[in-house]
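Shown next, in structure tokens, is the structure this report addresses.
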Amino acid sequence: MRNPFQPFPAIITDIIDETPTIKTFVLDLKNKDFSFSAGQFVELTVPGVGEAPFTPSSSPYDKLKLEMTIMRVGKVTSALFDLPVGSVVGIRGPFGKRYPLEEFENREVLILGGGVGLAPLRSLFLALMQNAKKYKKILIRYGARTPQDIVYKRQIPEWKSWKEADIKLTVDVGDENWKGKVGVVTVLLDEPLGDVKNMVAVVCGPPIMMKFGTIKLLEKGFNEKNIYLSMEKNMSCGLGQCGHCRCGKYFVCKDGPVLTWEQIKDIEDPFL
Amino acid sequence: MSILFLTKGKLHPWLLRLADNFTIYYPIQLENKTHYKKLDNTFLTVTESDLVDSLQKIRPVESLKGFFFNPKIKVAGLKDTATIDIPFPQSSRIIFGAKNCDLRPLKVHEKMYLENEFVDPFYQSLLEKTIIIAADCPMPEQTCFCNLLELKPYPEENADIIFSIIPNGYILETTSEKGEALLRDFNHLFREAKSEDLILRDENRKKAIALLDNFNPNSWREDLAKAIEDKKDEKFWQEQAKTCVECFGCLMVCPTCFCFLLYDTPIAESEKTKGFERYKVWDACYYSAYARVGGGMNPRAEFWKRFRNRFHCKFMNFFNDYKFNACSGCGRCFSVCMGKIDIRKILAHI
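Going down the list, the protein sequences come from chains A and B. As numbered in the numbering used here, the first sequence has no gaps in its residue numbers, which increase by one up to the final residue, 272. As numbered in the numbering used here, the second sequence has no gaps in its residue numbers, which increase by one up to the final residue, 1350.
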């Protein structure tokens, strides 16, 4: 019998500073029996400290390494930030449902991210770009608090050069070097986006951004079932058993972690 | 499946014989309460009438939950770069005398832990290695309300053998191949039950049902799950939770509560060896940090929401998913409640 509580060991091969509070951890997947689909998440163990759920930010097509972009917020992430390259962590998973990419085909896909919320969306973006011809267009609209808080600063210029992608950024507060848009991420939705009636939106960010992002998308005419929201709940076991991630009728770890607005619209304060 | 009869006086020796091959737990009165006790040498001081007295009482203090999901169980670990092998439990055991209100929770746990994409191998292993001889509950008490959950005061499912006491002996009805095999080994002790034996059993059962109907004459509303969903009134839930002292005793004694927490402890055998052991422990949704995420957001920061969650979980979400409630009417929750909160009354007011 398989033991779903048992993580496998993985070595951290690189740690990349994204912002003062966000790092990308690169784990070696060579010789590991592990793969995931965009949208699924894993439980990462810092030995002796505990476990927390993260959605990978690397491409699901990359079988050699697993990247996770993580913000230092709690006990596990703080301990993780103290680990040097070469340390061993544990991985369980993948858990949850994948994005139904087949339903995204022949449509425009809007990726709406806020802050570290771009981390799981990067995995989706890279998965979409792998088969970019299948989608009409892939848009990224991303907002961070300040230019310093933007993640993937090194990759974004390259992504912008990809003809299938249309990428726009904003910051809440600019600085003397910032030439781009200033304002919360929803200001990027004020501009024409395309065929919003058929467009798919995938949203991840802090709860307040998820809430107002959803409101804006609905105002723009997006269909409730085309708004995919990455829910942040206490996904403790990942197996749909422990009860912690209950959100309305869903166990977010099993039924999510991505749920559509149509699924969660009747839940009291779904983003809390 | 068979319905067999065992003569009075043969129960005690039969259990002793079974103990040659199984670890046996049986119900016994200790300080006026029924507890499960592991059969050991002290069983020789227990008389058959002690056993019968204990079996006539309502469910023991302990539910069956701990037999299959110990309050703390080691489930995983890493040592350096190697996984720690945790063996699945293998010993064969018999639990004797469980009541129907402790069988329904097994069905709840099967839905959560076994009939799922991921199977809990520890739970599964313990269940496979256990034979449950469940017993009729002839004398329900004021705290019992299995009838409101559409359960009978005698076993119907989730047992291997159903045991009933009648004046001149015992009826054993097998309901699984495991139960059938167990009795097959003792053919010489049993005879086929006669129709008059079954009439006596039915009379006892009817009396028990009548007692329950007397204690709890009014059913809850038929659309209970929907009514709970619609009950969004904060004041109502705050009023119900008013006398709760937040000891969480109700959740700790609840046989159906399935929540757990995974927590890790470091192992440090030497400075060079690093790793951890992972434990699965009982958890309770009343804890303030239960649903809190690393970033600090908490969907149920207020206690009334956590209090309500217990009703959402047991009588709404679980019912909507599986068409039965995650409650068996055992009455333990309000038996331990210092605030005298009786869920029967709350559900009757919804």
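Idealized CB from N, CA, C, for every residue including glycine. Nothing here was measured: the structure is a model prediction, and the numbers come from that model.
Please state the DSSP three-state secondary structure of residue i.
| i | result |
| --- | --- |
| A/His244 | coil |
| A/Met199 | coil |
| B/Gly1066 | helix |
| B/Tyr1036 | strand |
| B/Gln1090 | coil |
| B/Trp1220 | coil |
| B/Ser1164 | strand |
| B/Cys1250 | helix |
| A/Asp28 | strand |
| B/Ala1098 | strand |
| B/Asp1264 | strand |
| A/Trp261 | helix |
| A/Asp175 | coil |
| B/Gln1056 | helix |
| B/Arg1354 | Only positions 1001 to 1350 of chain B appear in this structure, which leaves residue 1354 of chain B out of reach. |
Answer yes or no: does any C-beta atom of chain B fall closer than 8 angstroms to that of residue i?
| i | result |
| --- | --- |
| A/Pro207 | yes |
| A/Asp62 | no |
| A/Ala52 | yes |
| A/Cys253 | no |
| A/Phe34 | no |
| A/Thr214 | no |
| A/Leu239 | yes |
| A/Cys247 | yes |
| A/Cys204 | no |
| A/Leu29 | no |
| A/Gly90 | yes |
| A/Gln263 | no |
Is the distance from the Cβ of residue i to the Cβ of residue j below 8 angstroms?
| i | j | result |
| --- | --- | --- |
| B/Leu1126 | B/Ser1328 | no |
| A/Pro147 | A/Gly115 | no |
| B/Pro1121 | A/Asn31 | no |
| B/Ile1094 | B/Phe1022 | yes |
| A/Val275 | A/Val46 | The requested residue 275 of chain A does not occur in the structure, where chain A is confined to residues 1 to 272. |
| B/Arg1332 | B/Val1281 | no |
| B/Phe1258 | A/Gly243 | yes |
| A/Ser57 | A/Ala127 | no |
| B/Pro1138 | B/Phe1215 | no |
| A/Pro221 | A/Gly213 | Contrary to the premise, residue 221 of chain A reads as Gly rather than Pro in this sequence. Not closer than 8 angstroms, so no. |
| B/Asn1325 | B/Phe1334 | no |
With 8 angstroms set as the bound, which would you pick, yes or no: does the beta-carbon of residue i sit closer than that to a beta-carbon of chain A?
| i | result |
| --- | --- |
| B/Pro1087 | no |
| B/Met1252 | no |
| B/Gln1056 | no |
| B/Cys1285 | yes |
| B/Asn1320 | yes |
| B/Asn1116 | yes |
| B/Lys1235 | no |
| B/Asn1325 | no |
| B/Asn1317 | yes |
| B/Cys1259 | yes |
| B/Arg1308 | no |
| B/Thr1265 | yes |
| B/Pro1121 | yes |
| B/Lys1274 | yes |
Which residue from the options puts its Cα closest to that of residue i?
| i | options | result |
| --- | --- | --- |
| A/Pro7 | B/Asp1053, B/Thr1042, B/Leu1064, B/Lys1079 | B/Lys1079 |
| A/Val85 | A/Pro206, A/Asp195, A/Ile16 | A/Ile16 |
| B/Gly1066 | B/Gly1097, B/Phe1215, B/Thr1256 | B/Thr1256 |
| A/Lys23 | A/Lys249, A/Phe95, A/Asp149 | A/Asp149 |
| B/Ile1171 | B/Ala1135, B/Pro1299, B/Ala1326, B/Phe1068 | B/Ala1135 |
| A/Leu217 | A/Gln241, A/Asp190, A/Leu239, A/Cys242 | A/Asp190 |
| B/Gly1294 | A/Gly143, A/Asp28, A/Pro53, A/Glu18 | A/Pro53 |
| A/Val202 | A/Arg122, A/Pro56, A/Ser78, A/Leu29 | A/Arg122 |
| B/Arg1306 | B/Cys1285, B/Lys1323, B/Ser1049 | B/Cys1285 |
| B/Asp1145 | B/Pro1217, B/Lys1323, B/Phe1043 | Just to set this straight, residue 1145 of chain B is Phe in the shown sequence, not Asp. For B/Phe1145, the nearest C-alpha among the options comes from B/Pro1217. |
| A/Phe5 | B/Thr1007, B/Phe1088, B/Lys1057 | B/Phe1088 |
| B/Ile1132 | B/Phe1186, B/Lys1345, B/Phe1068, B/Gln1090 | B/Phe1068 |
| A/Gly117 | A/Leu44, A/Val196, A/Ala10, A/Met209 | A/Met209 |
| A/Gly143 | A/Asp28, A/Leu101, A/Lys153, A/Met1 | A/Lys153 |
| A/Arg92 | A/Gly50, A/Thr186, A/Val42, A/Leu66 | A/Val42 |
| A/Gly48 | B/Ile1058, B/Arg1278, B/Cys1330 | B/Arg1278 |
Following a CB-centred definition, is residue i positioned closer than 7 angstroms to any heavy atom of the ligand NAP?
| i | result |
| --- | --- |
| A/Gly143 | The ligand NAP is not part of the structure shown, which contains no ligands of any sort. |
| request: Decide if the region 1219 to 1238 of chain B is in contact with the region 1315 to 1335 of chain B; the criterion is three or more beta carbon pairs, one per stretch, under 8 angstroms apart. | output: At 8 angstroms Cβ cutoff, the stretches touch.
Pairs of beta-carbons, one from the region 70 to 81 of chain A and one from the region 214 to 234 of chain A, closer than 8 angstroms: are there three or more? With the cut-off at 8 angstroms, the region 70 to 81 of chain A and the region 214 to 234 of chain A do not touch.
Taking 8 angstroms as the cut-off, does the region 255 to 265 of chain A touch the region 90 to 102 of chain A (at least 3 CB pairs, one atom from each stretch)? With the cut-off at 8 angstroms, the region 90 to 102 of chain A and the region 255 to 265 of chain A touch.
| Counting Cβ pairs closer than 8 angstroms, one from the region 1004 to 1011 of chain B and one from the region 1048 to 1059 of chain B, do we hit at least three? | Flag = yes, the region 1004 to 1011 of chain B and the region 1048 to 1059 of chain B touch.
- prompt: If you pair each beta-carbon of the region 1191 to 1201 of chain B with each one of the region 1159 to 1169 of chain B, do three or more pairs fall below 8 angstroms?
  reply: Yes, they touch.
At a cut of 8 angstroms, does the region 246 to 254 of chain A reach the region 218 to 229 of chain A through at least three beta carbon pairs?
Verdict: no, contact absent.
Query - the region 129 to 144 of chain A touching the region 105 to 113 of chain A, judged by at least three CB pairs closer than 8 angstroms - result: The region 129 to 144 of chain A, when compared against the region 105 to 113 of chain A, does touch it at the 8 angstroms Cβ threshold.
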